[in-house]
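Heads up: the sequence lines are chains A and B, in that order.
End of the first sequence sits at 113 in my numbering; the numbers just go up one at a time, nothing left out.
End of the second sequence sits at 115 in my numbering; the numbers just go up one at a time, nothing left out.
Each residue gets a CB set at the ideal place from its N, CA and C atoms; glycine is no exception.
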Amino acid sequence: QKEVEQDPGPLSVPEGAIVSLNCTYSNSAFQYFMWYRQYSRKGPELLMYTYSSGNKEDGRFTAQVDKSSKYISLFIRDSQPSDSATYLCAMKRGAGNNRKLIWGLGTSLAVNP
Amino acid sequence: EAGVTQFPSHSVIEKGQTVTLRCDPISGHDNLYWYRRVMGKEIKFLLHFVKESKQDESGMPNNRFLAERTGGTYSTLKVQPAELEDSGVYFCASSLAGTSGYEQYFGPGTRLTVT
């Protein structure tokens with residue numbers, strides 16, 4: 001069983017739509033939950049992170065973590081064509097020097113003008 | 001400020017040959033990581049350096065892979081001899097010391113094709 005599950009899509013939405021992306025995980029030791037965005041032929045770029053449970057908002061982006069369900073989400077409001085990219089969830093344990101990120105497959109998103 | 005750079009951007013080699021990938025982290029970042037993405041699979045951790053020391057090499061697939069970080073600056077990842085299953089995109093990332101490591105800055109990757 002994979003530690004992190006993420007539907008690869010692709011997901012196609014019209015400009016202005018609300019986008020919902022999500023991941024599930026199996027390892028209860030994960031404490032940090034990140035969303036990275038990756039444009040074609042580029043490396044992943046950190047978009048948002050959440051420590052433990054709760055919500056975090058940054059502009060048009062909201063990240064949610066539900067540790068009881070082992071489920072994380074990223075919402076994009078008023079989506080723009082520039083949001084078209086692959087969105088990857090990544091997680092890590094909180095303890096000590098363990099900095100290994102565990103990744104989902106990534107969801108390919110296309111926002112159509 | 002320059003980001004993480006990787007060289008080459010693309011390498012095509014034959015099975016059995018040797019390839020060396022290079023990563024230059026962001027200046028001042030003590031932590032350096034190597035990851036690999038094989039087509040159709042998730043990005044997988046390979047190893048983590050703190051300065052010149054290997055902190056965690058649990059993701060290295062086998063002894064055909066050798067990573068070094070001389071002087072705690074740039075890092076190289078050598079594959080010798082290369083096999084077909086080594087094909088993929090190799091990402092390097094770096095992060096500041098004293099952080100929890102959730103914020104890792106990635107390079108554009110080296111696309112390795114073994115034929």
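**Message:** I need the straight-line Cα distance from Arg37 of chain A to Ser108 of chain A, nearest angstrom please.
**Reply:** If you take the alpha carbons of Arg37 of chain A and Ser108 of chain A, they lie about 10 Å apart.
**Asked** Counting along the chain, where does the beta strand (DSSP E) carrying Glu45 of chain A start and finish?
**Response** Run containing Glu45 of chain A: 45-51, per the beta strand (DSSP E) assignment.
**Message:** On the criterion of 16 or more Cβ atoms from any shown chain inside 10 Å, does His10 of chain B qualify as buried, or is it exposed?
**Reply:** Taking all protein chains shown into account, His10 of chain B has fewer than 16 neighbouring C-beta atoms within 10 Å of its C-beta and is therefore exposed.
**Request:** For the region 95-115 of chain B and the region 52-60 of chain B, state whether three or more C-beta atom pairs, one from each stretch, are separated by less than 8 Å.
**Result:** By the Cβ rule, the region 95-115 of chain B does not count as touching the region 52-60 of chain B, because fewer than three pairs are nearer than 8 Å.
**Asked** Taking the runs of the beta strand (DSSP E) that are 3 residues or longer, which of them lie wholly in the region 37-88 of chain B?
**Response** As summarised for the region 37-88 of chain B, the continuous beta strand (DSSP E) elements at least 3 residues long and confined to that stretch are 43-50, 53-56, 65-68, 75-79, given in chain order.
**Prompt:** chain A partners of Ser100 of chain B, CB-CB under 9 Å?
**Reply:** Neighbours of Ser100 of chain B on chain A, chain order: Gln31, Tyr32, Tyr51, Lys92, Gly94, Arg99.
**Request:** Kindly say whether Trp35 of chain A, judged by its beta-carbon, lies nearer than 8 Å to any beta-carbon of chain B.
**Result:** Not one chain B Cβ lies under 8 Å of Trp35 of chain A.
**Request:** Report the rounded CA-to-CA distance for Val89 of chain B versus Met91 of chain A, giving the unit in angstroms.
**Result:** When rounded, the distance between both Cα atoms is 20 Å.
**Prompt:** Going straight from the alpha carbon of Asp24 of chain B to that of Asp78 of chain A, what length do you get?
**Reply:** Each residue's Cα considered, the two are about 37 Å apart.
**Prompt:** Below 8 Å between beta carbons: does that hold for Ala110 of chain A and Ser12 of chain A?
**Reply:** Yes, these two residues count as a Cβ contact at 8 Å.
**Asked** For Thr99 of chain B versus Leu21 of chain B, is the C-beta distance shorter than 8 Å?
**Response** Not in contact: Thr99 of chain B and Leu21 of chain B (Cβ atoms no closer than 8 Å).
**Asked** If the cut is a Cβ gap below 9 Å, which residues of chain B does Glu45 of chain A touch?
**Response** Identification of chain B residues near Glu45 of chain A by a Cβ-Cβ cut-off of 9 Å yields Tyr105, Phe106, ordered along the chain.
**Prompt:** Buried or exposed: where does Met34 of chain A fall if 16 or more other Cβ atoms within 10 Å of its Cβ makes it buried?
**Reply:** Classification of Met34 of chain A: buried, given that the 10 Å Cβ count is 16 or more.
**Prompt:** For chain A, is any of its Cβ atoms less than 8 Å away from the one on Asp30 of chain B?
**Reply:** No, Asp30 of chain B lies away from the interface with chain A (no Cβ there is under 8 Å from its Cβ).
**Local Cβ density within 10 Å of Ser94 of chain B, reported as buried at 16 or more and exposed below that** = So Ser94 of chain B ends up on the buried side.
**Asked** For Gly9 of chain A and chain B, any beta-carbon pair shorter than 8 Å?
**Response** Interface with chain B (8 Å Cβ-Cβ cutoff): Gly9 of chain A is excluded.
**Asked** Name the chain B residues whose beta carbon is nearer than 7 Å to that of Lys42 of chain A?
**Response** Pro108, listed in chain order.
**Cβ neighbours of His48 of chain B in the same chain (closer than 6 Å, five flanking residues each side left out)** = Excluding residues within five positions, the ones whose Cβ falls inside 6 Å are Tyr33, Gln55, Asp56.
**Asked** Hey, how far is the Cα of Gln80 of chain B from the Cα of Val114 of chain B?
**Response** Distance between the alpha carbons of Gln80 of chain B and Val114 of chain B: 12 Å.
**Item:** Contact list for Asp86 of chain B against chain A, beta-carbon separation under 8 Å
**Value:** Here the premise fails: no neighbours, minimum Cβ distance about 19 Å.
**Message:** I want to verify the contact list: residues of chain B whose CB lies under 8 Å from the CB of Gly104 of chain A, in sequence order.
**Reply:** Correct list: Glu42.
**Asked** With Glu3 of chain A and Ile102 of chain A assumed to form a contact (beta carbons below 8 Å), what rounded beta-carbon distance in angstroms separates them?
**Response** About 5 Å separates the two Cβ atoms, so the contact holds.
**For Pro14 of chain A, the residue or residues it bridges with in DSSP** = Beta bridge pairing from DSSP links Pro14 of chain A with A:Asn112.
**Nearest neighbour of Asn27 of chain A, chosen from A:Ser52, A:Leu88, A:Gly43, A:Pro113 [CA to CA]** = Asn27 of chain A has its Cα closest to that of A:Ser52, out of A:Ser52, A:Leu88, A:Gly43, A:Pro113.
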